[in-house]
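> Below is one structure. I have some questions about it.
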Amino acid sequence: MAKDTCPVQSTLQYLSDRIASGVLTDPKVRRICESIRMLVEEISLGEAGDSHMAAIDDLMAEFENRTPDDTATKTLDHLKHILSDRREEFVSHIETRNCPSHDCGVIAPSPCQMACPAGIDVPTYLALIAEGKDDQAIAVIREDNPLPWVCGLVCTRPCEMMCVRGRIDTPISIKFLKAFAAERALSDRRYTNPEPAPPNGKRICVVGAGPGGLSCAYYLALMGYKVEVIESLPFAGGMLMVGIPRYRLPREVIDREVAMIEDLGVTFSFNTRFGSDVTYEDMKTKGTDAFFLAIGAHKAWDLGIKGETDFPRVIDAITFLKNVAIGDRHAPGKHVVVIGGGNVAIDAARTSLRLGAEKVTIAYRRSREQMPADIEEVEQAEEEGIAFAFLTIPTEITGNDGRITGLACIKAELIAKKGTDRLAPVPILGKEFTIQADAVISAIGQYVDDSGMTAFNAVNWTRRGTIEVNHASMETSMPGVFAAGDAVSGPATVIEAIGGGKRAAEAIHRQLTGMPQPRMPKIPVRRRKVPMIEMTAAEKMRLSRPVMPMLNVDRRRTTFQQVELGYDEAAVRKEARRCLRCDVCRRCGKCVEVCRDKMGIDALHLGYLDFDHPVKTDFRMTAENCITCGACAANCENNAMTLEEKDGRRMLKLCGTILNEQEIQTCDACGARLPSAQYMAFISDKTADLTQKAEQRLLCNDCQRRLSAKNHVPTRPVNPT
Amino acid sequence: MSQYYLFQDSKKCIGCHACEIQCKTNKDLPEGPKPCQIIQVGPKFINNLPKMSFIFMPCFHCENPWCVSACPTGAMQQRASDGIVFVQKDLCVGCKTCVSACPWGAPQWNPDTGKVEKCDYCKDRVDQGLEPACVTTCTTGCLKFGKVEEMTQIRRQRHAESVASLENSSF
Amino acid sequence: MDKDVFSLCFMCSVRCPIKVGVKDGHVNWIQGNPHVAGIDGRLCPRGSAGKSLLYDDQRLQSPLIRVGDRGSGNWRKASWEEALDYVGTRLKEIKNTHGGHAIALGERAQLATHVSKTFLKALGSPNHFTHDALCKGSMNTACRSMFGYTDGQMGINYANTKHIVLYGRNIFESINVKEVNTLMDALEKGAKLTYIDPRVNVTASKAHRYWMIRPGTDLALNYGLIHVILKERLYDAEFVEKWVHGLTDLRDFIKEYTPEWAETETGIPAGEIKALAREISREKPAVIFHYGYRCASHQNEIYMRRSILMLNALMGSVEAKGGIFFKKGPGAEGGKPARKLTEQEFPKIEVPRFDKVGTPDFPLPDPAHGVAQILPYAILNEDPYPIKALINYRLDPLMSIADTSGTKKALDKLDLIVTIDINYSDIAWYSDVILPESTYLERTDCVQQMNGLKPMMFLREKAVEPRYDTVEGAIILKRLGERLGIGAYFPYETMDELVDWQLEGTGFTREDFAQKGFVSYGKSPIFWDRNDIPFKTPSKKIEFRSSLLEDAGFPSFPSYEPPAATPEKKFRLVVGRTGLHTHISTQNVPYLNELMKENLLWINKEKAADLGITDGATVEVASACGKGWIKAFVTDLIHPEAVFMVHGFGHEAKLAKRSYNQGCSDALLQENLYDKVGGSPAYHDTFVTVTPV
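Here is the structure:
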């Protein structure tokens, strides 16, 4: 069996086949297999509880004692094998109610949740926000991410990349909704910590108070650990504080969320360098049970061009941003060139502008499309008047007397190179030019500063200079020492660091409680399954992603005020209602297929479900042809499509969106509910040549039987009238 | 039209529902669907005697079945060889149009599978030369199955017998 | 892999012969045995639901030992070794402390009854009892008092009858396939059916004459009929002259019981009573006054049953074609019956039975069955001695003996309650240990001796291996016996060995059953010469004047005492059966439960209107000993003095989820009253109030 198929689903299939084929001729064996099948099915449906594996084990023990024939023995061996080899996945199906391979459709996580490095249950919190339950939404988020407000402002939002609504119009504005909920919940005093477990007497030392360290500290504290965070900077936040400028992430946002973590009893030692101010031995002596290294990647790479070391106004972006964060308010120069194309380059450029630089230029080797920076960041930079020099390769920083005069560059063209998809910039000979500059900021990347880590002598480092870990457990090669964040991944995102910190917290807990470590990285956990929000198809279609109100450009050029002003409440609630609830609808397309190919009605125009039959998605069009027969609902394995009867109406709903609504009729005899007139007309059309419809009584199935029984004629019935 | 006819001698029927149960047993059906059903009419007093009838309601396998015409997927079919109307399960999508189309209430909803169940005269048994399950085990033998022409003969005979039997008979 | 197995159904106690289709080790088809006349492949609804019982996951699956309070439903699974050791140890303690007679075993008589009787005899306990007395004890006594034969030795020749009278004997709903069909055939041939019942049912709807009799007055009706028959000399003078002992006594006794008198008692017009007497006498002797099946309604039951038997005797329909007859055993064909374990030598038992049957206190009931409803009194009063352990084998005292609360109180005094069953019956739920038996489709059983006009033997043959951790009852008792030092009485290891042992000396072997599922001793039906009927009474006659009764100090002809008047605003509670369920045992069987989930309280339309009860409304029914809730069925099909419910609903065992708490239990309401002469309970002598909820 291939490793990537889900063992739960394949066991279910295996047992179903065995039972159906009749090869299990011993009744006890068959019953045991039927019972195991039932339990496995419940696991695959997310309905299993704590006792399911034990119940399966009991049945297996009974099976061991009863192998009357070869087939039974083979079946037993097969089950034994898969239940021991892949046990972890069975358990994780039960614990997380998720199937990472998507084979168990009902519990496969939504694409947005799968895309999130911290695995946040996005559809759930969106639905809660839609209903104004911001505090509950925050609680759901914080099960996977202790910093929702921070992430709501600065996350790179891989979730939105995967958002299915994007296939219809635009992705849900997932990121900001989180920030809104956090702010509202805090303002309402309803942003609270969960009740932590009682202290367990174990101590953990976290090195680094960046997002990775904070995340790890938070989850450990909740599990009852005494957590001590060592931080060389004078405040918590790490790169959040010193890497991201205040106009994107105000300091109070970080402080408020850090305070929540402190409330759990986590202690912080600021201005304290690990390795000198406090040592491994110190911590060990104190009785520290495990270490978590989240030291980030704070050292900038050199440009490696001439003149780099000759001028004081050549500075790396990380140092620059850190200095600004600490309070330096001097402009780096009048004419600033920033080299690089990532978010850090944009941040450095926009910060320079706000400090009074007259002209700021970003020099980047590739084209605009290839910039790793967020498109919104680039756009905002452009609005603010930042200049961009694309396809520009710096060759030398020129100047005299220690003063920079310009940056010599050469124009590049993009050439496809063997062995890579990414076009490579190649200098065009003869196209040299100079950009006028009195300051040059390099923003071409960072690496991990390993000074102070010498005590962790058994930790392996990668060739890229990052800490090597087992990615399932975030444990280093040194027992009891874990690591995550940029120190492991190299410079990456806040949300990745948060996810890593959370995984490490769990791994530390497993190690200290003697549980075996997982063999593969944990998959996202479905936190709740909240009810659908009912709305009309027209509303679902009409809603569109709101435009983010921005601070006016003049202020943006002159102050560090927050640029994105945020949606108002009405916009937030509406935006959350746009969610398609992909945690429930698996986009299998069966409904469309049944309606179009089997029923021949073709009422469902849900192009987003199916790339193979590209039709436009329009929920409103369902009503034109739909007869509310419910075949789509009957074939929906996840109950995403439902047929409901309420107040004399029959409603077809897809994840709460009312696709069609028709009046139901009632049985003339008993009042039982019957299908709609449209449905009956569909049938009459098909049976038109059999009967001239003399006004027939409308009867339900049971009454029809009863009436025909009463009128039963001694001859074979030919016409019902 | 089906070549077969399922005749119920209602005078001998005691309404015991064995036919319904045997049918469900044979088809392994869950709670709910009843491909055949006994409908009780009465009792009411006629000449001071309480009278009740039990009417056996299977599918009548019409000559031009509404259900077959109504079925959009082709799941509901009529066998060309003998006219038996049956559901081919893998084609059924659960739209229930056959349920609504049938004037006799013959197609039945199976909530477990989301598909329709229906009396098919146990065609698998018929093809083996056996009778439908309900007929084979009917408690009083009041159900008879055969070719249409044989059944009319039985019906005539039963009628003659009942006329000939004593006055005041409940039979 | 596919095979057909001939066996015996056990969805009810009739044990109809069946043919079971097995595919891939699983039952996929059950039908009546096509080789048996009157069965011809047919099967009743309960039999048809056999597969849904076999594959029901709510039945008992492994031995269970109670861990919580009695009735709390807290069990732990145990291995057979552990469960049997547990029961064995406890029984041994009880036997050593209190004597073997402190152990009682009750069962619904079945093929392995000789095994359980052996178990008790070997332990030195006389306290084996069956459900028979609960069903028809007084009829058994009545038959012995008249003919010297038990009811079990008598049969009814429906096939040739010309007129049959049924007193609440609901043949078409308490279905015995062969009986239904032979009666149906007779009706087809022109036989008349007279049906008497305070309630209309399917059998009533097939009748030529239906009388909605006032409940409890059947005896008065019969006296009226006898009066007419004697007065108008409608009886079979020749037969009566030859065989009846005590006709003159009857003639003297019956004088005052005129049809006009009977009319005032029963509500049936005197003219109609006379008409029936005259009409039926024209067809004698091929007529049947059906002596009944469940004969446990009133405290004077034995006299009511005797009056029916007298009517048959007066019609000369005893040992007559189309009348009633005495069953012929293998001996009638020079054959030998299958052996029973009870033929072994046992230690002599000196103590009386718990019910004192066979002593001057309770002389007449049949000690082969005992009187079950005495059990709660015996336990509570420790009279005649303490009972400490009860083994329930397919018999549920809680739902079968009237007054469930009283029975529970008695059970609470016991040190040990063990149940052998296939389902979570209420008594299983109230037990200390449950020993699950394999279903009839999963076990070979003891030989069925079928006496009748044509003596035969049938075999229940295992169709499939057990699906759960269950064992055959006869093996359970043997293995329990081994732990109690009486293993030697069970000379077999498997059911196959036991059957072979039983067949020794009969001239038949196991293989002889393979073809058709049965063996016949002879070829044609045997009727005795009517001039030479071997009645087993002291007078060798049909004893209208009964020496059995009179020797025990009871009159043969006690004056008629009317049933207690129905108190104002109360109803006489009448119970009965349905074709869809067997007593208390099938309510949780999936297919049967689907068709009938709960029982209803039938109540007369006018009375219901007075009480403000509408059809389908939930009502509270209350008696002197209990109350319950049930939905009302408001109808003009029941006598105004009676309310009716089908027996066996209102289960308390929670793990039988479909039937749990569905409908109302009649036993909860009924008072534990009984016929102190004949031995049957008086299930219809309880009055209830009905109140809308």
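Protein chains in written order, with the working numbering: chain A, -16 to 704; chain B, 38 to 208; chain C, 33 to 725. Positions of the beta carbon are idealized from the N, C-alpha and C atoms, including for glycine.
1) Please confirm whether Lys105(C) has its beta-carbon closer than 8 Å to some beta-carbon of chain A.
2) Rounded to whole angstroms, what is the Cα-Cα separation between His492(A) and Val190(A)?
3) Just to confirm my understanding: we take Pro395(C), look at its own chain, exclude 5 residues before and 5 after, and list those with CB closer than 6 Å. What are they?
4) Buried or exposed: where does Pro181(A) fall if 16 or more other Cβ atoms within 10 Å of its Cβ makes it buried?
5) According to DSSP, is His613(C) helix, strand or coil?
6) Classify Arg633(A): buried if its beta carbon has 16 or more other beta carbons within 10 angstroms, exposed otherwise.
7) Going by C-alpha distance, which of Ser198(A), Ile424(A) and Arg539(A) is nearest Ala101(A)?
8) Are there 16 or more other CB atoms within 10 angstroms of the CB of His313(A), so buried, or fewer, so exposed?
9) Closer than 7 Å by beta-carbon distance: list the chain B residues that pair up with Pro369(C), in chain order.
10) Please identify the residue among Lys420(C), Tyr417(C), Ala442(C) and Gly711(C) whose C-alpha is closest to the C-alpha of Pro429(C).
11) Pull up the distance between the alpha-carbon of Glu47(A) and that of Asp40(A), whole angstroms please.
12) Could you list which residues in chain C have their beta carbon closer than 8 Å to that of Met212(B), in chain order?
13) When you compare only the Cα positions, how much space is there between Glu735(A) and Glu359(A)?
14) Considering Asp36(C), what are the terminal residues of the beta strand (DSSP E) in which it resides?
15) Short check: CB of Ile329(A) to CB of Val361(A), under 8 Å?
16) Tell me whether Asp384(A) is buried or exposed, calling it buried when 16 or more other Cβ atoms sit within 10 Å of its Cβ.
17) Taking only beta carbons into account, state which residues of the stretch 647 to 660 of chain A come closer than 9 Å to chain C, listed in chain order.
18) Rounded to whole angstroms, what's the CA-CA distance from Val464(A) to Ile278(A)? Just pull it up for me.
19) Drop a sphere of 10 angstroms on the beta-carbon of Pro392(C), count the other beta-carbons inside from all chains shown, and report buried for 16 or more, exposed for fewer.
20) Going straight from the alpha carbon of Ala652(A) to that of Leu682(A), what length do you get?
21) Which residues, taken in chain order from the stretch 596 to 627 of chain C, show a beta carbon closer than 8 Å to some beta carbon of chain A?
22) According to the Cβ coordinates, are Val320(A) and Ala300(A) closer than 8 Å?
23) In chain order, what residues of the same chain lie with their CB nearer than 8 Å to the CB of Leu166(C), ignoring the 5 residues before and after it?
24) Buried or exposed: which applies to Val536(A), given that a residue is buried once 16 or more other Cβ atoms fall within 10 Å of its Cβ?
25) Quick one: measure Cβ to Cβ for Gly428(A) and Pro474(A), integer angstroms, because I've assumed they're closer than 8 Å.
26) Any idea what DSSP makes of Arg560(A), helix, strand or coil?
27) Run through chain A and tell me which residues come within less than 9 Å of Pro498(C), C-beta to C-beta.
28) Of the residues that make up the stretch 48 to 77 of chain C, which ones have a beta carbon closer than 8 Å to any beta carbon in chain A?
29) Is Gln194(B) close to chain C? Criterion is C-beta to C-beta, closer than 8 Å.
30) 8 Å is my cut-off, CB to CB: does Ala102(B) come that close to chain C?
31) Quick one: which unbroken alpha helix (DSSP H) runs of 4-plus residues sit fully inside the stretch 634 to 689 of chain A? Chain order, please.
32) Over what stretch of residues does the beta strand (DSSP E) that includes Met94(B) continue unbroken?
33) I need the DSSP call for His401(C), collapsed to helix, strand or coil.
34) Excluding the 5 residues preceding and the 5 following Phe218(A) in the sequence, name in chain order all residues of the same chain whose CB lies nearer than 7 Å to its CB.
35) Between Ala331(A) and chain B, is there a C-beta pair that is closer than 8 Å?
36) Who pairs with Val320(A) in a beta bridge, going by DSSP?
Here's the rundown:
1) Going by the sequence as given, residue 105(C) is Gly instead of Lys. So, not an interface residue.
2) Whole-angstrom Cα-Cα distance: 17 Å.
3) Ala584, listed in sequence order.
4) It is exposed - the Cβ of Pro181(A) has fewer than 16 other Cβ atoms within 10 Å.
5) Here DSSP, grouped into helix, strand and coil, assigns His613(C) to strand.
6) The residue is buried, with at least 16 neighbouring Cβ atoms inside 10 Å.
7) Among Ser198(A), Ile424(A) and Arg539(A), the Cα nearest to that of Ala101(A) belongs to Ser198(A).
8) Burial call: exposed.
9) Within chain B, no residue comes near Pro369(C); the closest Cβ sits about 30 Å away, beyond 7 Å.
10) Comparing Cα-Cα distances from Pro429(C) to each of Lys420(C), Tyr417(C), Ala442(C) and Gly711(C), the minimum goes to Ala442(C).
11) Annotation: Glu47(A) to Asp40(A) spans about 10 Å, alpha carbon to alpha carbon.
12) This structure cannot settle anything about residue 212(B), because the visible part of chain B is limited to 38 through 208.
13) Since the first residue of chain A shown is -16 and the last is 704, residue 735(A) is not available in this structure.
14) Per DSSP, Asp36(C) belongs to the beta strand (DSSP E) from Lys35 to Leu40.
15) Against a cut-off of 8 Å, the Cβ pair of Val361(A) and Ile329(A) comes out as a contact.
16) By the neighbour-count rule (16 or more Cβ atoms within 10 Å), Asp384(A) is not buried but exposed.
17) Those residues of the stretch 647 to 660 of chain A that come within reach of chain C (Cβ to Cβ, closer than 9 Å) do not exist; the list is empty.
18) For Val464(A) and Ile278(A), the distance between alpha carbons rounds to 13 Å.
19) Label assigned to Pro392(C): exposed.
20) For Ala652(A) and Leu682(A), the distance between alpha carbons rounds to 6 Å.
21) Within the stretch 596 to 627 of chain C, no residue qualifies.
22) Contact flag unset, no.
23) Cβ within range, chain order: Ala328, Ala404, Gln405, Ser432, Ile433, Ser712 and Pro713.
24) Here Val536(A) is exposed. Its C-beta has fewer than 16 other C-beta atoms within 10 Å.
25) About 6 Å separates the CB atoms of Gly428(A) and Pro474(A); that is less than 8 Å, so the two are in contact.
26) Collapsing the DSSP output to three states places Arg560(A) in a helix.
27) Taking a Cβ-Cβ threshold of 9 Å, the residues of chain A close to Pro498(C) are Pro10 and Lys11, in chain order.
28) So the list reads Lys55, Asp56, Gly57 and His58, given in the order they occur along the chain.
29) It does not; no Cβ of chain C falls within 8 Å.
30) The sequence shown places Pro at residue 102(B), not Ala. Not one chain C Cβ lies under 8 Å of Pro102(B).
31) The stretch 634 to 689 of chain A contains these whole alpha helix (DSSP H) runs: 660 to 669.
32) Its beta strand (DSSP E) spans residues Leu86 to Met94.
33) In the structure shown, His401(C) sits in coil (DSSP, three-state: anything other than H, G, I, E or B).
34) Closer than 7 Å at the Cβ level, and outside the excluded window around Phe218(A), lie Met224 and Phe253.
35) For Ala331(A), the answer is no, since every Cβ of chain B falls outside 8 Å of its Cβ.
36) Val320(A) is bridged to Thr344(A) and Val423(A).
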